[in-house]
Amino acid sequence: MTSNQPLTTVDPARLTEVLDGRWAQVRRDAREQLGEVKYAPVYGETGAEARERITGLLKDLAATGRTRLGFPKAYGGEEDSGGSVTSIEMLAFGDLSLMVKAGVQWGLFGGAVQLLGSERHHAAYLADIISADLLGCFAMTETGHGSDVQQLRTTCTYDPATQTFDLHTPHESARKDYIGNAAKDGRMAVVFAQLVTKGERHGVHAWLVPIRDEAGNVLPGVTVGDDGPKAGLNGVDNGRLSFDHVSVPRDMLLDRYGQVAEDGTYTSSIENETRRFFTMLGTLVRGRVSVGGSAGSATKLALQIATRYGEQRRQFAAPGEDREIVINDYLVHQRKLLPALAKSYALHFAQEELTSTMHDVQGAADVDEAAQRELESRAAGLKAANTWHATATIQVAREACGGAGYLAENRLPALKADTDVFTTFEGDNTVLLQLVAKGLLTGYQDSFGSLDSWGKAQFVADLVKETVLERTAARGLIARLVDAVPGRDEEVSLLDRGWQLKMFEDREKHTLEGAANRLRKGASNKENRLFDVFNDVQDHVLRTATTHIDRVVLEAFVAAVDRTTDPAAKALLAKLCDLYALTTIEADRGWFLEHGRLTPTRSKAVTSTVNSLLKELRPHLTTLVDGFAIPDAWVQSRIVSEEGPRQEAMAAEDARVKAAHGSGTAVDTPDATAVDLEMAPAQ
1 MTSNQPLTTV DPARLTEVLD GRWAQVRRDA REQLGEVKYA PVYGETGAEA RERITGLLKD
61 LAATGRTRLG FPKAYGGEED SGGSVTSIEM LAFGDLSLMV KAGVQWGLFG GAVQLLGSER
121 HHAAYLADII SADLLGCFAM TETGHGSDVQ QLRTTCTYDP ATQTFDLHTP HESARKDYIG
181 NAAKDGRMAV VFAQLVTKGE RHGVHAWLVP IRDEAGNVLP GVTVGDDGPK AGLNGVDNGR
241 LSFDHVSVPR DMLLDRYGQV AEDGTYTSSI ENETRRFFTM LGTLVRGRVS VGGSAGSATK
301 LALQIATRYG EQRRQFAAPG EDREIVINDY LVHQRKLLPA LAKSYALHFA QEELTSTMHD
361 VQGAADVDEA AQRELESRAA GLKAANTWHA TATIQVAREA CGGAGYLAEN RLPALKADTD
421 VFTTFEGDNT VLLQLVAKGL LTGYQDSFGS LDSWGKAQFV ADLVKETVLE RTAARGLIAR
481 LVDAVPGRDE EVSLLDRGWQ LKMFEDREKH TLEGAANRLR KGASNKENRL FDVFNDVQDH
541 VLRTATTHID RVVLEAFVAA VDRTTDPAAK ALLAKLCDLY ALTTIEADRG WFLEHGRLTP
601 TRSKAVTSTV NSLLKELRPH LTTLVDGFAI PDAWVQSRIV SEEGPRQEAM AAEDARVKAA
661 HGSGTAVDTP DATAVDLEMA PAQ
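If you count by full-length UniProt numbering, then the sequence shown holds residues 1 to 683, one letter each, in order.
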């Protein structure tokens with residue numbers, strides 16, 4: 001299968017249909033309900049002004065009814081977890097502070113009450129959480145323990161005499177930090193701490209803990225601090241929480257996975273503490289999925305701004321011509337935008353597949369632990385891929401707009417600042433990749449401790465004996481394409497989809513086997529400390545995770561092309577998929593050359609083919625970003641909002657140059673060797 005169809009004009013609406021996917025109605029409703037300028041960012045606010053505005057918008061958002069999507073029908077919800085994540089993803093096209101605050105309120109705080117609590121918690125609190133009458137926090141991260149949640153230092157000790165828990169912060173590094181809604185608005189917090197009863201610890205659990213009264217006064221024993229100015233997300237009131245022997249009633253334990261009786265007896269349906277811990281955290285995967293999707297929305301917005309600006313911004317005239325060249329016509333500019341755009345499409349389809357899997361797994365009547373673990377791994381990997389892509393691409397978009405991209409009024413600086421933290425919240429990306437690799441290397445065994453505790457002998461014993469790649473939703477399609485590839489790679493077209501898939505699969509399998517063999521070899525030497533065994537191969541382990549996610553993303557893109565019904569849109573997406581596959585190979589061609597998967601000649605051919613694809617896709621640049629269907633009111637970028645008048649001015653300038661040239665009048669044109677120092681996006 002080769003994608004060699006000629007490209008024709010494509011209606012962006014046909015691309016939107018493919019992108020909108022399973023929750024198309026949720027996306028359409030968001031554009032209609034929230035496509036107002038009030039949901040876009042405001043420039044030049046103070047921190048206090050931003051917080052006040054975002055809190056007001058949070059209440060407006062609750063009034064739209066969108067906040068009930070993920071909650072049970074018995075409490076006014078719609079039991080649509082996939083729709084809930086999609087709604088947050090759409091909200092991220094507007095003010096990202098509102099997206100984060102909404103995610104804290106309904107995803108983290110509300111989600112924890114729903115998924116970790118029991119019926120009495122639902123009946124008492126969910127309706128007020130949905131309506132935003134009860135604003136809350138998600139207090140997990142500690143100053144001294146972020147990624148290693150299983151080793152949190154906060155304790156919650158049960159006293160049978162009073163039938164209460166004693167919640168305590170033993171030292172400063174155990175305080176809860178970076179907590180959204182804590183500094184100003186939160187009245188209650190879901191607090192994660194070590195459960196202690198009858199002198200025995202039972203691992204990390206969660207409690208509902210009031211931190212302010214209805215008048216907003218901080219309650220006795222609770223200390224609230226403000227994290228202060230941040231690089232971005234100024235509308236989110238991040239704060240610190242400490243507890244000095246705060247009394248918490250027994251029934252405020254969110255006890256779906258662990259119960260404490262009146263006499264202090266602890267029971268759980270999951271006896272193994274580690275397994276119980278990861279099961280609890282696994283139910284909260286929705287937040288991680290939301291962050292990845294939201295990063296994707298911010299990236300699409302940045303690409304739309306840069307692409308539209310590149311259609312109107314001119315720079316340097318070609319020899320013998322009077323008019324300067326539109327910067328989107330430069331190959332170097334296409335190299336900036338089109339590969340990033342191809343990867344954004346690829347990640348979007350992978351994110352859609354992930355959201356659908358999450359919805360189905362969490363909505364099943366019985367818990368499928370293997371499916372849950374695979375979901376957690378996929379969510380971790382795609383969150384890392386999406387957020388790192390956002391950080392890199394928004395910077396590229398800023399540079400592509402030159403000096404204009406540095407102005408607050410053109411949105412890109414805010415997108416950079418607001419999304420920068422995405423790489424470290426809801427899981428640090430490097431740690432998340434270790435989670436992905438751990439699952440690949442062990443087949444999701446339950447014998448692990450915290451993410452940083454790689455030093456377990458059982459880990460080596462459980463290493464996979466044989467590498468088996470778990471394919472994505474389009475298993476049959478992918479298998480057929482790979483199986484159809486002829487034996488000699490150098491004779492296969494670079495545009496053969498099966499060959500592209502085979503290259504990604506082969507790289508992942510080789511990397512995975514290599515990491516496993518290095519771990520076995522290190523562990524076989526009894527003189528080696530287990531920490532050193534894992535530490536010495538950590539770079540290889542992380543690369544294993546990266547190659548896995550690259551393959552998953554490509555397969556999702558291939559599946560999306562296959563299900564596209566409009567012929568013109570299908571051909572365009574196929575070319576874009578080629579670009580994603582080949583630019584990924586090109587970026588890692590050192591590995592492919594070193595391991596004999598590419599010859600030097602074929603490696604050069606990859607680059608020339610990429611350049612040919614860029615030329616084919618150039619006429620469709622604006623079509624591809626228009627396919628995102630981002631409401632104009634959300635964009636809030638002057639260089640885009642003034643596009644119409646700028647285009648008219650350019651047309652007038654073209655006419656003036658043409659008329660002057662025809663009459664023999666001298667025309668002032670820029671020196672093609674000069675550099676516009678003020679706004680020079682392409683040089």
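The beta carbon of each residue, even a glycine, is placed where N, CA and C say it ideally should be.
For His-359, the enclosing alpha helix (DSSP H) stretches over residues 331-363.
With a cut-off of 8 Å on Cβ pairs, the segment 395-407 is in contact with the segment 301-319, counting three or more such pairs.
The closest CA to that of Thr-155, considering only Gly-287, Gly-235, Glu-555 and Ser-247, is found on Ser-247. If you keep only unbroken alpha helix (DSSP H) runs of at least 4 residues inside the segment 506-577, you get 530-536 and 538-563. The beta carbon of Pro-12 is closer than 7 Å to those of Thr-623, Asp-626 and Gly-627 in its chain, skipping five residues each way along the sequence. In the three-state reduction of the DSSP assignment, Asp-496 falls in the strand class. In this structure, Arg-22 lies near Gly-82, with their beta-carbon atoms less than 9 Å apart.
Under the three-state reduction of DSSP output, Ile-305 falls in the helix class.
In the structure shown, Gln-150 falls within a helical segment according to DSSP collapsed to helix, strand and coil. Pairing Arg-314 with Ile-325, the inter-Cα distance amounts to about 5 Å.
Judged by beta-carbon spacing, Ser-87 lies within the 9 Å limit of Val-26, meaning their Cβ atoms are closer than that value. Within the model, the alpha-carbon separation for Ala-206 versus Gly-117 is close to 9 Å.
CA-to-CA, the gap between Ala-633 and Arg-68 works out to about 24 Å.
The alpha-carbon separation between Pro-220 and Leu-347 amounts to approximately 47 Å. In this structure, Thr-544 sits near Ala-437, with a CB-CB distance shorter than 9 Å. Residue burial annotation: Lys-59 is exposed, with fewer than 16 other C-beta atoms found within 10 angstroms of its C-beta. For Ala-132 against Gln-105, the beta-carbon gap comes to about 7 Å, under 8 Å, which counts as contact.
For the pair Tyr-125 and Leu-208, the CB atoms are nearer than the 9 Å cut-off.
Rounded to whole angstroms, the separation of the alpha carbons of Asn-181 and Thr-157 is 26 Å. About 6 Å separates the beta carbons of Val-289 and Leu-354, which is inside the 8 Å limit, making them a contact pair.
When DSSP states are grouped into helix, strand and coil, Lys-176 belongs to the strand group.
Shown here for Thr-283: same chain residues with a beta carbon closer than 7 Å to its own, the five before and five after excluded, namely Leu-115 and Leu-116 in chain order. Listed in chain order, the non-local C-beta contacts of Asn-429 below 7 Å within the same chain comprise Ala-384, Thr-387, Trp-388 and Thr-423, local neighbours out to five positions each way being set aside. Between Val-204 and Val-537, the alpha-carbon positions lie close to 30 Å from each other.
For Gln-259, DSSP records a beta bridge to Thr-267.
When C-beta atoms of the segment 497-504 are compared with those of the segment 573-583, three or more pairs fall below 8 Å, so the two segments count as touching. DSSP places His-168 in the strand class (E or B) of the three-state scheme.
Counting the other Cβ atoms within 10 Å of the Cβ of Asn-238 gives 16 or more, which makes it buried. Within the model, the alpha-carbon separation for Glu-79 versus His-245 is close to 37 Å.
Of the candidates Gln-151, Cys-137, Val-236 and Lys-198, Val-236 places its Cα closest to the Cα of Leu-57. Bridge pairing for Asp-226: Gly-239 [DSSP]. Spanning the alpha carbons of Val-113 and Glu-119 requires a straight line of approximately 10 Å. For Met-188, the three-state secondary structure derived from DSSP is strand. In the displayed model, Ile-54 falls within a helix according to three-state DSSP. Leaving aside the five residues that flank Thr-279 on each side, the residues in its chain whose CB is nearer than 7 Å to its CB run, in chain order, Tyr-257 and Ile-270. For Gly-203, the uninterrupted beta strand (DSSP E) run begins and ends at 200-210, by DSSP.
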